[in-house]
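Novice: In the working numbering, the protein residues as written are 2 to 649.
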Ligand code: C2E
Ligand code: MG
Ligand code: MG
């Protein structure tokens, strides 16, 4: 009984059942009527009227004839729909920009789209039904690719689920095409391999871009050497290896001597060529396992490994390589026919295991390199732990330097400048730092750091403002009214966009007489950007300010530039003055400089004059002004002013 609703759920069955019930009811009614009336017995034809008959026959006919017909038609329609869907699916597969492959359970190619044909160059090949190995015979150029594909298909079958793998299509041309293949295995109900659907995407461009990004991130674009990032990475690894082997390694940090001058005078293009050549020579000096990297600018690093377990043995080996490098890099260079010469200063730091961090090892090599520079360049120095103290002081000084201006710890000292009759004509303002713990700190200890950190800009401005205020104060006294005051200007400060405006502001704010302010420039500073320098110098000259070329003779003294610069004075460097009386070369240089200034119509002053003999020599050869300990050391303003009335 409970199955009845299910049975009656089609119209045909419902109609037949109702008809049968009606028939039975009618039959019993007839039977009862004939029994009651005593009439003849009821025959089937008595109640089987045409309506009832139709009601009975029609569903039977429907079930036996029409329904199968309708089902057949539905099946036909379904097949039509499916074939249309297949057509659309085929069109869709064809339109997919990725390569699509369908293989059967035995790995035979059943279907591929246009992109796949292009990728494997299959347009004129009978690929249908072929396996990878059969195709490899037809396409020898792709043999390796087909073999790899087969192996990776097998991995997908083994995995039993979607598998993504990168495959190389090497052999298709010069540039290997890289494919990202997504392979989906399909299995029958019995677990047998039924088919493999593959979508292959050409990711060659993406791979190239990734490689490029990797190169940019880890390699130096100019020399193609590893950069600092990669070097530190390799150093970490080398330290790990050294930890296990117990062997020492060494880091050689080298810096080219006077590279900046070469770059500034010969041009950056030639400077670049020099760096490339240096990189090549360095690579030739070391074993294949050793690393050469460029940290930036003219700083290179060579990392040596497996130098032995004894420190002495390791330092000897490192020293030997460093000497070879020195020798190789000192050979003349012919860059685009331009002869060029340079030498390196090398700092060496040994390492073993993880006793120090990679950063520390690099910093130690850096400290040692500065020692090599201080030792007169073209030298090799090992890091000595005692240097660490110097390093720590340097780091501490830098931290303090940031506060020095705010805490008003700077002071301007004044060193007198005199004429031929020893009469005061002016002064040079020299910066001093009154450090709370270390006492008086001299510029040599902090100017370079101030330049590196950019602090020199606000510090230089303070010097300028202090000097202008002093000039203004001197106006009040006849003794000081005509004194000039020279201030040193650093390259970073001078090359600031608003440097001219800074000077103008300092003059206006103080009310100082511009013609008494002298700016001391250096040759290297001028050469950094000659055009910008000349333009700014002219603008400043229009304000009334004058210029002196400081440390003359130590840089690249190009007469070409000298002629174009609106200078007023040349300051002979103290290194020539020092030996003027006993070194004929220095004596000759000084004489030449003086003669040259006369020819160019410039004034001349000698700095570092310590003895009467030096003064006499300079006087005899026409020097007009003098500055040095012979007359007075740089002193605070009070002491300076008290000097003025006394004979010097
Ligand atoms: P500089 O401009 O060539 O200054 C001359 C240096 O020689 C000064 O050293 C001075 O004290 C020293 N000196 C003067 N007479 C003699 C002498 O007879 N014998 C010897 N042996 N030395 C003498 P200081 O004051 O230590 O300054 C060193 C350098 O620091 C300066 O060289 C200059 O380049 C830089 N400097 C000083 N003050 C400033 C500043 O305010 N700004 C910038 N940017 N640099 C400054
Ligand atoms: Mg100076
Ligand atoms: Mg000087």
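The C-beta atom is built at its ideal place from N, Cα and C for all residues, glycine as well.
From which residue to which residue does the beta strand (DSSP E) around residue 627 run?
Specialist: In the chain shown, residue 627 corresponds to position 626, counting from 1. Residue 627 -> beta strand (DSSP E) spans 626-628.
Novice: Below 7 Å between beta carbons: does that hold for residue 101 and residue 91?
Specialist: Residue 101 sits at position 100 when you count from the first residue of the chain shown. Residue 91 sits at position 90 when you count from the first residue of the chain shown. No, these two residues do not count as a Cβ contact at 7 Å.
Novice: Does the Cβ of residue 266 have 16 or more other Cβ atoms within 10 Å, making it buried, or fewer, making it exposed?
Specialist: On the chain shown, residue 266 is found 265 positions in, with the first residue counted as 1. Counting Cβ neighbours within 10 Å, residue 266 comes out buried, since at least 16 surround it.
Novice: Excluding the 5 residues flanking residue 359 on each side, which residues of the same chain have their C-beta closer than 6 Å to its C-beta?
Specialist: Against the chain shown, residue 359 aligns to sequence position 358. Closer than 6 Å at Cβ, skipping near neighbours: 233, 236 and 237.
Novice: Which of the three DSSP states, helix, strand or coil, is assigned to residue 420?
Specialist: To locate residue 420, count along the chain shown from 1; it is residue 419. In the structure shown, residue 420 sits in coil (DSSP, three-state: anything other than H, G, I, E or B).
Novice: On a CA-only basis, which of 414, 381, 546 and 522 is nearest residue 571? Give me that one, please.
Specialist: Along the chain shown, read from residue 1 onward, the residue named residue 571 stands at position 570. Minimum Cα distance to residue 571 is reached at 522.
Novice: Once DSSP output is grouped into helix, strand and coil, what is the label at residue 162?
Specialist: Against the chain shown, residue 162 aligns to sequence position 161. Coil.
Novice: Distance check for residue 383 and residue 250, CA to CA, integer angstroms please.
Specialist: For the purposes of this step, residue 250 is taken as the residue at position 249 of the chain shown. For the purposes of this step, residue 383 is taken as the residue at position 382 of the chain shown. Residue 250 and residue 383: Cα-Cα distance of roughly 13 Å.
Novice: Can you grab the Cα-Cα spacing for the pair residue 95 / residue 69, in whole Å?
Specialist: Counted from its first residue, the chain shown places residue 95 at position 94. Counted from its first residue, the chain shown places residue 69 at position 68. Distance between the alpha carbons of residue 95 and residue 69: 38 Å.
Novice: Take residue 302 as the anchor and find which of 310, 548 and 369 has the nearest alpha-carbon.
Specialist: Taking the chain shown and counting its residues from 1, one reaches residue 302 at position 301. The shortest C-alpha separation from residue 302 is found at 369.
Novice: In three-state DSSP terms, what is residue 477?
Specialist: Taking the chain shown and counting its residues from 1, one reaches residue 477 at position 476. DSSP places residue 477 in coil when its eight states are reduced to three.
Novice: Contact between the stretch 437-448 and the stretch 594-610: three or more CB pairs below 8 Å?
Specialist: Touching, no.
Novice: Just checking residue 324 against ligand 3 - is the residue's beta carbon closer than 6 Å to any of the ligand's heavy atoms?
Specialist: Position 323 of the chain shown holds residue 324. No.
Novice: Where residue 590 and residue 573 are concerned, what is the direct C-alpha to C-alpha distance, given to the nearest angstrom?
Specialist: Within the chain shown, the letter at position 589 stands for residue 590. Within the chain shown, the letter at position 572 stands for residue 573. The alpha-carbon atoms of residue 590 and residue 573 are separated by roughly 10 Å.
Novice: Return yes when the C-beta of residue 278 is under 6 Å from any heavy atom of ligand 3, and no when it is not.
Specialist: Counted from its first residue, the chain shown places residue 278 at position 277. No, Cβ of residue 278 sits at least 6 Å from all heavy atoms of ligand 3.
Novice: Compute the distance between the beta-carbons of residue 347 and residue 275, then report whether it is under 7 Å.
Specialist: Here residue 347 corresponds to residue number 346 of the chain shown, with the count starting at 1. Here residue 275 corresponds to residue number 274 of the chain shown, with the count starting at 1. Not closer than 7 Å, so no.
Novice: Can you tell me whether residue 616 is buried or exposed? The criterion is at least 16 other CB atoms within 10 Å of its CB, across all chains shown.
Specialist: The sequence position of residue 616 within the chain shown is 615, counting from 1. Buried, because 16 or more other Cβ atoms sit within 10 Å of the Cβ of residue 616.
Novice: Could you say which of 490, 638 and 344 lies nearest to residue 552 if we only look at CA atoms?
Specialist: Taking the chain shown and counting its residues from 1, one reaches residue 552 at position 551. When each option's Cα is compared against that of residue 552, the closest is 490.
Novice: If you draw a straight line from the C-alpha of residue 529 to the C-alpha of residue 282, how long is it?
Specialist: As a first step, residue 529 is located in the chain shown; it is residue number 528 there, counting from the start. As a first step, residue 282 is located in the chain shown; it is residue number 281 there, counting from the start. Cα to Cα, the separation comes out at about 28 Å.
Novice: So the candidates are 195, 487 and 252; which of them puts its Cα closest to the Cα of residue 550?
Specialist: For the purposes of this step, residue 550 is taken as the residue at position 549 of the chain shown. Taking only the C-alpha atoms, the option nearest residue 550 is 487.
Novice: If we call anything under 7 Å between Cβ atoms a contact, is residue 197 one with residue 104?
Specialist: Here residue 197 refers to the residue found at position 196 of the chain shown. Here residue 104 refers to the residue found at position 103 of the chain shown. The answer is yes: Cβ separation under 7 Å.
Novice: DSSP on residue 489, reduced to helix/strand/coil?
Specialist: Counting from 1 along the chain shown, the entry for residue 489 is found at position 488. Looking at residue 489 - three-state DSSP - the assignment turns out to be strand.
Novice: Does DSSP put residue 521 in a helix, a strand or coil?
Specialist: If you number the chain shown from 1, residue 521 lands on position 520. DSSP places residue 521 in strand when its eight states are reduced to three.
Novice: Does the distance from the CB of residue 595 to the CB of residue 588 come in under 7 Å?
Specialist: Taking the chain shown and counting its residues from 1, one reaches residue 595 at position 594. Taking the chain shown and counting its residues from 1, one reaches residue 588 at position 587. No; because the gap between Cβ atoms is not below 7 Å, this pair is not in contact.
Novice: Take residue 357 as the anchor and find which of 240, 484 and 547 has the nearest alpha-carbon.
Specialist: The count along the chain shown starts at 1 and reaches residue 357 at position 356. Closest option to residue 357, Cα to Cα, is 240.
Novice: Apart from the five residues on each side of it in sequence, which residues of its chain come closer than 7 Å, Cβ to Cβ, to residue 505?
Specialist: For the purposes of this step, residue 505 is taken as the residue at position 504 of the chain shown. 544, listed in sequence order.
Novice: Are residue 464 and residue 515 closer than 7 Å when you measure CB to CB?
Specialist: Position 463 of the chain shown, counted from the start, is the residue given in the question as residue 464. Position 514 of the chain shown, counted from the start, is the residue given in the question as residue 515. Cβ distance not < 7 Å, so residue 464 and residue 515 don't count as in contact.
Novice: State the Cα-Cα distance for the pair residue 205 and residue 180, rounded to the nearest angstrom.
Specialist: The residue you call residue 205 lines up with position 204 of the chain shown. The residue you call residue 180 lines up with position 179 of the chain shown. Computed Cα separation, rounded: 7 Å.
Novice: Can you tell me whether residue 551 sits near ligand 2, meaning its C-beta is under 6 Å from at least one heavy atom of the ligand?
Specialist: Residue numbering aside, residue 551 sits at position 550 when the chain shown is read from its first letter. For ligand 2, at least one heavy atom lies less than 6 Å from the Cβ of residue 551.
Novice: Suppose you measure from the CA of residue 279 to the CA of residue 330; what does that come to, to the nearest Å?
Specialist: For this step, residue 279 is matched to residue 278 along the chain shown. For this step, residue 330 is matched to residue 329 along the chain shown. Cα-Cα distance, rounded: 7 Å.
Novice: Quick check on DSSP: helix, strand or coil for residue 581?
Specialist: For the purposes of this step, residue 581 is taken as residue 580 along the chain shown, with counting starting at 1. Residue 581 falls in the coil class under three-state DSSP.
Novice: What is the rounded straight-line gap between the Cα of residue 654 and the Cα of residue 396?
Specialist: In the structure displayed, the chain extends from 2 to 649; residue 654 sits before or after that span and is not available.
Novice: Alpha carbon to alpha carbon, what distance is there between residue 372 and residue 433?
Specialist: Taking the first residue of the chain shown as 1, we reach residue 433 at position 432. Taking the first residue of the chain shown as 1, we reach residue 372 at position 371. Cα to Cα, residue 433 sits roughly 24 Å from residue 372.
Novice: Quickly, what does DSSP pair residue 341 with across the bridge? List them, please.
Specialist: On the chain shown, position 340 is the one that residue 341 refers to. Answer by DSSP bridge pairing, in chain order: 334.
Novice: State buried or exposed for residue 586, treating a residue as buried only when at least 16 other CB atoms are found within 10 Å of its CB.
Specialist: Here residue 586 corresponds to residue number 585 of the chain shown, with the count starting at 1. Exposed is the call here.
Novice: With DSSP collapsed to three states, give me the class of residue 173.
Specialist: Locating residue 173 in the chain shown gives position 172, where the first residue counts as 1. Note that residue 173 has pLDDT 47, beneath the 50 cutoff, so the model's placement of it is unreliable and no number is given.
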